[in-house]
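Engineer: Take this structure, written in structure tokens, and hold onto it; I'll ask about it next.
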Amino acid sequence: TEEQSIATELVNDVFPISDESLPSMEEIEEKSIVDESIAVRNLTVEEVMPMSEILKG
Numbered sequence: 861t862e863e864q865s866i867a868t869e870l871v872n873d874v875f876p877i878s879d880e881s882l883p884s885m886e887e888i889e890e891k892s893i894v895d896e897s898i899a900v901r902n903l904t905v906e907e908v909m910p911m912s913e914i915l916k917g
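In the numbering used here, the protein residues as written are 861 to 917.
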């Protein structure tokens, strides 16, 4: 219908499908999840082995 084509045009204006230089939201979310898991892992290592113990070893 005409309404659907207008809606599609609006979506294309807001989110240009042809513009692939911008990362998608999924990619951004995945990256932040990876960053968080790395931070958590580093924190866990420090809790198990305090910095002074690592330096002594």
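Here a beta-carbon is modelled for each residue, glycine too, at the ideal position from N, C-alpha and C.
Does DSSP put T868 in a helix, in a strand, or in coil?
Structural biologist: Taking the sequence shown and counting its residues from 1, the one referred to as residue 868 is at position 8. Three-state result, T868: helix.
Engineer: Taking the alpha-carbon positions, what's the D895 to E863 distance?
Structural biologist: Here residue 895 refers to the residue found at position 35 of the sequence shown. Here residue 863 refers to the residue found at position 3 of the sequence shown. Whole-angstrom Cα-Cα distance: 42 Å.
Engineer: When the Cα atoms are used, what is the spatial distance from A867 to T861?
Structural biologist: Numbered from 1 along the sequence shown, position 7 holds the residue referred to as residue 867. Numbered from 1 along the sequence shown, position 1 holds the residue referred to as residue 861. Approximately 10 Å between the Cα atoms of the pair.
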